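If you read the protein sequences in the order shown, they are chains A and B.
Just so you know, the first sequence maps onto residues 1 to 246 in the numbering used here.
Just so you know, the second sequence maps onto residues 1001 to 1246 in the numbering used here.
Virtual Cβ for every residue (Gly too), placed ideally from N, Cα, C.
Everything numeric in this text was worked out from a predicted model, so none of it was measured.
Remarks on the structure that follows.
2 protein chains.
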Amino acid sequence: MSARKLPVNKFPKQGRATFRLPFTTVDVVIFSVLEDALCILLVRRPSGDAEPYPGKWALPGGFVNVDVDITLEACATRKLAEKTGVSTSYLEQLGSWGGADRDPRGWSATHVYFALIPAEHIQLERGANAADVSWFDVDKFVNETDLAFDHSSILATAVERLRSKVEYTSLPAFLVPEPFSLPQLQRVYEIVLGRSIDKSGFRTRMLAADFLVEDVYLDGTSNRPAMGYRLRDRSMPVLFPRNLGR
Amino acid sequence: MSARKLPVNKFPKQGRATFRLPFTTVDVVIFSVLEDALCILLVRRPSGDAEPYPGKWALPGGFVNVDVDITLEACATRKLAEKTGVSTSYLEQLGSWGGADRDPRGWSATHVYFALIPAEHIQLERGANAADVSWFDVDKFVNETDLAFDHSSILATAVERLRSKVEYTSLPAFLVPEPFSLPQLQRVYEIVLGRSIDKSGFRTRMLAADFLVEDVYLDGTSNRPAMGYRLRDRSMPVLFPRNLGR
DNA sequence: AAAATAGTGTCTGTCAGACAGTATTCT
DNA sequence: AGAATACTGTCTGACAGACACTATTTT
Chain A
1 MSARKLPVNK FPKQGRATFR LPFTTVDVVI FSVLEDALCI LLVRRPSGDA EPYPGKWALP
61 GGFVNVDVDI TLEACATRKL AEKTGVSTSY LEQLGSWGGA DRDPRGWSAT HVYFALIPAE
121 HIQLERGANA ADVSWFDVDK FVNETDLAFD HSSILATAVE RLRSKVEYTS LPAFLVPEPF
181 SLPQLQRVYE IVLGRSIDKS GFRTRMLAAD FLVEDVYLDG TSNRPAMGYR LRDRSMPVLF
241 PRNLGR
Chain B
1001 MSARKLPVNK FPKQGRATFR LPFTTVDVVI FSVLEDALCI LLVRRPSGDA EPYPGKWALP
1061 GGFVNVDVDI TLEACATRKL AEKTGVSTSY LEQLGSWGGA DRDPRGWSAT HVYFALIPAE
1121 HIQLERGANA ADVSWFDVDK FVNETDLAFD HSSILATAVE RLRSKVEYTS LPAFLVPEPF
1181 SLPQLQRVYE IVLGRSIDKS GFRTRMLAAD FLVEDVYLDG TSNRPAMGYR LRDRSMPVLF
1241 PRNLGR
């Protein structure tokens, strides 16, 4: 095996490496449903000579700050809160992307999370850089916009993962504010998947999974009020035994 | 928002960071089926004053070598080959674990992959450190052995992920050498899941998924020869529309 | 012939999808 | 009353699980 001939990273006694370290970043794909469309939050890269991809849209994220972040997930939570004001949401690790070429500044690895937040909870940052944070319709803008770094590819993976998990999980429940009705939840499923779902089957499926708790009736602006539900457990989505059909 | 008061990582023009970087490592959870049991490969941590967890069992892995590895996945492939001699296998990213406390040498983040390899392909490293690489039965030894770093927790996640994906994917096909018969494949499913599966339903399910290609008949040592199959596409597992029952 | 393993056929319960019907509100 | 939306009931086809059956090999 030729592996033995490779240089071996050496480590002296006191924690300072003698070899080059990759950069470590965290990025967050923030999903929400706005105006009947699945959207993601993007930020504009700062301009400046030393900046990579100046002015381009990118996923919110950045370097891990070892003095502040005690874990990767805490770092992702921090970045989410900085951009949206949302402190609690569904957060799941999507994966990591790392290599020599993805950042012009050098070998870097990014840990990517995706977040699902109800539109009503969002409070975009006010002030100078408000114009540099924006929501993008996943279907309309995303494919024709190319993002900084390898973020286009990461985003595509995130959308794929979300859509595929929606087929067999309760994930969309994290995109809608509580309490919500089953028709509201169904609408979110339909928006994310981009197709309509049968009402009766949907209700049976949701109720059988036993992850909803009845709350108050939702007295909408008109017509028959709907039962309002909350999640029994906000920490995890429920997995259904089958995919949705079609 | 208080985030503005946090220190901001600065970047001078020429690619050398002025802030502390986390260590970047890659670890691989290598699964195989040996003697009718689901096993994983562990390596013993080297002894020495400067070494963390000397003598303890750990997942194979180590620092990313920016001069050698061009991507994280390439790094994982390299580490897999170094330990097993296997150069091609199913490799999937499991996730990443990072934080201030997981490595006594400092803030570190590890990118974890899991690999599935057929026992017949394995060629453990010969020589001085052969005793420091060993297979462990997942059910028998893993829960009672505590590993270096946070590897026990990572391993538990890996086993959970593997078992849960086996319920609705063709992943076990990567644990058996081609060509293989349906009874052989079924045996692997049963070993990984730890329960028996109905023969007829299993065959229908596998054949309906259309990921197998007929090869030669397997003339075993005795009894009726079985049809041998190969994978239509070794690059990806197939997803079944339903979980296995029970 | 018997044993062992490979593979098939048939029945049945479950459940998603389709769709028609009922219920409750507002105007 | 009619419109709009919430919710339920019924039928049907697809399919997994159970299990009994047939097929092909070795000894």
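- Contact holds between the segment 1032 to 1040 of chain B and the segment 1111 to 1124 of chain B, because three or more Cβ pairs, one in each stretch, are under 8 Å apart.
- Of the residues assessed, K1079 of chain B falls on the buried side of the cut-off, its CB having 16 or more other CB atoms within 10 angstroms.
- Contact between I1154 of chain B and W1097 of chain B holds: their C-beta atoms lie close to 6 Å from each other, under 8 Å.
- A straight line joining the alpha-carbon of R20 of chain A with that of A50 of chain A spans about 20 Å.
- Under a criterion of Cβ atoms nearer than 8 Å, no residue of chain B is adjacent to A208 of chain A; the nearest Cβ is some 14 Å distant.
- Scanning its chain for C-beta atoms nearer than 7 Å, with the 5 sequence neighbours on each side dropped, one finds around V138 of chain A the residues L38, C39, I40 and V159, in chain order.
- Secondary-structure assignment with DSSP links C1039 of chain B through a beta bridge to B:S1032 and B:D1137.
- The alpha carbon of E1082 of chain B has as its nearest neighbour, out of B:T1071, B:L1094 and B:P1060, the alpha carbon of B:P1060.
- R234 of chain A is bridged by DSSP to nothing; it lacks a bridge partner.
- In this chain, the alpha helix (DSSP H) harbouring S153 of chain A covers H151 to V166.
- The Cβ neighbour count for P225 of chain A, taken over all protein chains shown within 10 Å, is under 16; the residue is labelled exposed.
- Note on geometry: alpha-carbon atoms of F1211 of chain B and G85 of chain A lie some 46 Å from one another.
- DSSP places E73 of chain A in the uninterrupted alpha helix (DSSP H) bounded by L72 to T84.
- Nearest CB-CB separation between H1151 of chain B and chain A: not below the 8 Å threshold.
- A residue is called buried once 16 or more other Cβ atoms fall within 10 Å of its Cβ, and A1208 of chain B, having fewer, is exposed.
- Listed in chain order, the non-local C-beta contacts of G220 of chain A below 8 Å within the same chain comprise A226, local neighbours out to five positions each way being set aside.
- Excluding sequence positions up to five before and after G55 of chain A, its CB lies within less than 7 Å of the CB of R44, R45 and S47, all in the same chain and listed in chain order.
- Contact with chain A is absent for A1156 of chain B, since none of that chain's Cβ atoms lies less than 8 Å from the residue's Cβ.
- Remark: C-beta atoms of V112 of chain A and L94 of chain A approach each other more closely than 8 Å.
- Rounded to whole angstroms, I191 of chain A and L1171 of chain B show a C-alpha spacing of 31 Å.
- By the beta-carbon neighbour count (other beta carbons within 10 angstroms, threshold 16), T1204 of chain B is exposed.
- Residue-level contact check: S196 of chain A does not touch chain B, since none of the beta carbons of chain B fall below 8 Å from its beta carbon.
- Contact note: H1121 of chain B does not reach chain A at a C-beta cutoff of 7 Å; the least C-beta distance is about 14 Å.
- Chain B places no beta carbon closer than 8 Å to that of I117 of chain A, leaving this residue out of the contacts.
- Rounded to the nearest whole angstrom, the C-alpha separation of L1193 of chain B and W135 of chain A is 43 Å.
- Residue pairing of S87 of chain A in beta bridges, as defined by DSSP: absent, with no partner found.
- For D215 of chain A, the secondary structure class from DSSP, reduced to helix, strand or coil, is strand.
- Exposure of E120 of chain A is indicated by the presence of fewer than 16 other C-beta atoms within 10 angstroms of its C-beta.
- DSSP places G1220 of chain B outside both helix and strand once states are collapsed to three, so it counts as coil.
- With a beta-carbon spacing of about 7 Å, T169 of chain A and V238 of chain A fall inside the 8 Å limit used to define contacts.
- Neighbours of I191 of chain A in chain B, taken as residues whose beta carbon is under 7 Å from its own, are absent, since the nearest beta carbon is some 23 Å off.
- Taking each of B:Y1217, B:F1180, B:D1103 and B:G1201 in turn and checking the Cα distance to P1052 of chain B, the smallest one comes out for B:D1103.
- Taken in chain order, the members of the segment 91 to 114 of chain A whose beta-carbon sits within less than 7 Å of a beta-carbon on chain B are Q93, G95, S96, G98, G99, A100, R105, G106, W107, A109 and H111.
- Secondary structure note for S200 of chain A: its alpha helix (DSSP H) is the uninterrupted segment K199 to A209.
- Non-local C-beta neighbours of P183 of chain A in its own chain, meaning closer than 7 Å and more than five positions away in sequence, comprise A226, ordered along the chain.
- Counting every other CB atom within 10 Å of its CB across the protein chains shown gives V1216 of chain B a total below 16, marking it as exposed.
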